Each structure stands twice: as structure tokens, then as C-alpha cells.
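*Asks:* To start, I am sharing the structure in question, which I have written as C-alpha cells.
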Amino acid sequence: MTSATPFSWRSMLFVPASSDRFLESALRRPTDAIQLDLEDSVAPDLKVAARARVGALADRAADAGYDVIVRLNRPWRMMVRDIEASVRQSVKALTLPKVPDGSFIRAVSEILDECELEAGLPAGHTKLIAMIEDAQGLHNMDGIAQAHPRVCAMIIGAEDLAVSLRMAVDADGLYVPNIMAVAACRRAGIAPIGFVGSVADFADQEKFRETVQRAARLGFEGTFCIHPSQVEAANEAFSPAPVSVTRARALLATFEAECKAGRAACTFEGRMVDAPVAMQARLILERAEALAAMLARRVAAKA
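Those letters in the sequence shown? Residues -15 to 287, by the working numbering.
Right, here's the structure in full:
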């Protein structure tokens, strides 16, 4: 992928930047990243105060061992102020709402270049997550995903996209846009995140668990969570099961032994294994290793 490190955030829990209470609650959860929100969860009259607090909150979360993302506001004047307040060592990525095209990503990246230089951060420190939330963004997903090396992931914003397309927020309408997003992300070498459905459906935990498990089967790597109850289901869904990791290692050992013997395919557990099947096993092991490294970094940060 285009980002400096493999994408390993399975769960990205929203926390309003206006609330200390919600942050303290989030710090007790096993979320991979805390996403400080300056947009939808912050009332208009609290935007300025939330922006002023985002640095301290980000540092608090980072000190507790969490990776930190900040979701910014639109339109431009608000977004620029949000960027200036959010670029710091403790913030790993910014989430950009309602991204229309690749030129928007490049403009934000130019602002980030200046902010990182002023903050004494290495160029490219701040990654970008692009939200596709209207018909224009949907049409330009390839250009958005490939716009800049800072882009590490892309997600469909279900509710806003449904408004733009005048469709229901359900699996029928959202399936095609999400599969298009997976394909665009894979072409660009970035991570597809999200699931087919509405992020607002958190009351039915079993339904959410089924939804994110389906998302993992469809190729997604992680998702936003708007409620702490969603975190563990997301982590489980987007982690290779231990039995899958063990099986992948055994399959690769068998396949590689057969390759050394001059054969391009073999049988494993009664099924044929060729190069594409072996690659699937390698991807499982790469994912497991990336997650293990992320969790090790968190343990070290908390020590």
C-alpha cells in the first residue's frame, strides 16, 4: 500500500472531541484507534472549543497506547483550522469527510506539508482516510484512492451517500458502492474499510457482528465504530482466527515443499493448492503479523 506501514486498525472508535467523559470510556476499550471527532458528533456551538482541545485529547490517548485519528469538518475554512489544530506527533491520520475527487486530497496534502514542517514532523507523518459520501465521490473513487501517498484507507459514508443517491440505507443499495470501494482500494494499494450497512445500527450487537464478519469476507480490513459495544465484534471479525493462521502455515509448508520438488500444485486437506491458494494463506499470515506488531507496540507504550 502507499502508506509507510501496513494498515492494521480493525476498530476505529469515534469519540467526540468535546467530551472528556467519552474519551475516558474509550480508553477502557480494546479499540485499535481512537478517532477524535470534530464533525457530526460535535454541536455547532462547540466546534471551536472542541478544536482547541483536540491536541490535548490526542496526546492523552497516545500516552495510553492508542493510535489516534481525527475526523475533520467541512467546508474548507473549518477544515483548514481543524488541520492546523490536529497535526502533531500523537495524531497518526486525519479522516476527510465528503471527498469529491483526487484534487481535494492533493490540496489537503499540500496544507499538511506546511503544517508538518512547522511542527517539526517528518513529511508524510499524517496519513489520510477518505470518506466517499456523495455521487461525485463515488464516481471519482479511483482518482481519490490513488491521489497521494498519504492516503491509507477509504470508506463509504453510508448515510450521506444514501441522501446523495436518494436511496435507502440498506444492504441492497450499499452493496455495489462498497464493492466498488474495495476494488478501487485494491487497485491503489490502500485499505478498504467499512461494511455493507449503516454505522448507526449499534443496538443489535449480534446483527452488527454478522455485518462485520460479512465485511471481512468481502475484503474489508477494519471499520469505524460509533459505540464502544461495536469494538470487540470488529476486532474479532477483522482478525485472522488462530485456527486459520495455523492452517495457513501448514498449507504453505506443504506447498513450498512440493514446489521444491518441481511441482506447481499439491493437495492439502483434500483440496487442490496452487499459487493463488498459497497467496491467500500468505495474506492471512501477513495480516496476523501486522496485528501482532501493532498490539506489541501498544503494550510497549503502556509499559
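Glycine included, C-beta positions come from ideal geometry on N, C-alpha and C.
Quick caveat, the model's predicted, so the values are computed rather than measured.
So, for Val26: in the same chain, excluding its five sequence neighbours on each side, which residues have a beta-carbon less than 7 Å away from its beta-carbon?
*Replies:* Pro0, Ala1, Ser2, Ala34
*Asks:* Report, in whole angstroms, the separation of the C-beta atoms of Ser74 and Asp29, which I expect to be a contact under 8 Å.
*Replies:* Not a contact, Cβ separation roughly 26 Å.
*Asks:* Decide if the region 236 to 243 is in contact with the region 201 to 218; the criterion is three or more beta carbon pairs, one per stretch, under 8 Å apart.
*Replies:* No, the region 236 to 243 does not touch the region 201 to 218.
*Asks:* Between Ala285 and Arg(-6), what straight-line distance do the alpha-carbon atoms span, to the nearest angstrom?
*Replies:* 19 Å
*Asks:* For Met115, does the count of other Cβ atoms within 10 angstroms reach 16, so buried, or fall short, so exposed?
*Replies:* buried
*Asks:* Is DSSP giving Arg150 helix, strand or coil here?
*Replies:* coil
*Asks:* Go through its chain and collect everything with a Cβ distance to His211's Cβ below 6 Å, but skip five positions before and after it.
*Replies:* Same-chain partners within the cutoff: Phe186.
*Asks:* For Ile95, I'd like the list of residues in its chain whose CB is within less than 7 Å of its CB, leaving aside the five on either flank, ordered along the chain.
*Replies:* Val64, Ile67
*Asks:* Can you pull the DSSP bridge partners for Asp188?
*Replies:* Asp188 is not bridged to any residue.
*Asks:* How about the region 268 to 275 and the region 244 to 255: do they share at least three Cβ pairs that are nearer than 8 Å?
*Replies:* no
*Asks:* Which whole runs of the alpha helix (DSSP H) in the region 149 to 184 are 4 residues long or more, in chain order?
*Replies:* 155 to 172
*Asks:* Tell me the rounded alpha-carbon separation between Gln214 and Leu(-3).
*Replies:* 8 Å
*Asks:* Could you say if the region 99 to 106 and the region 133 to 146 meet the contact criterion of at least three C-beta pairs nearer than 8 Å?
*Replies:* no
*Asks:* Does DSSP put Leu122 in a helix, a strand or coil?
*Replies:* helix
*Asks:* So, helix, strand or coil for Val64, using DSSP?
*Replies:* helix
*Asks:* With respect to the beta strand (DSSP E) encompassing Asp51, which residues constitute its N-terminal and C-terminal limits?
*Replies:* Looking at the DSSP string, the run of the beta strand (DSSP E) that includes Asp51 is 51 to 55.
*Asks:* Helix or strand or just coil, what does DSSP make of Leu22?
*Replies:* coil
*Asks:* Taking Cβ to Cβ, would you say Asp55 is nearer than 8 Å to Leu101?
*Replies:* The sequence given here places Arg at residue 55; Asp does not occur at that position. For Arg55 and Leu101, no; Cβs fall outside 8 Å.
*Asks:* The beta strand (DSSP E) that contains Val(-1), what's its start and end?
*Replies:* Annotation for Val(-1): the continuous beta strand (DSSP E) segment containing it runs -5 to 0.
*Asks:* Starting from Lys286 and walking both ways along the alpha helix (DSSP H), at which residues does that stretch end?
*Replies:* 259 to 286
*Asks:* Once the 5 residues before and after Asp97 are set aside, which same chain residues still bring their CB inside 8 Å of it?
*Replies:* Closer than 8 Å at Cβ, skipping near neighbours: Ala107.
*Asks:* If you draw a straight line from the alpha carbon of Thr15 to that of Leu112, how long is it in whole angstroms?
*Replies:* 19 Å
*Asks:* So Leu112 is in the alpha helix (DSSP H); what residue range does that whole segment cover?
*Replies:* First-last for Leu112: 111 to 116, but that is the beta strand (DSSP E), not the alpha helix (DSSP H).
*Asks:* Less than 8 Å between CB atoms is the rule here; does Ala152 satisfy it with respect to chain D?
*Replies:* Here there is only one protein chain, and chain D is not present.
*Asks:* Just curious, the beta strand (DSSP E) that Thr207 is in, first and last residue?
*Replies:* 207 to 209
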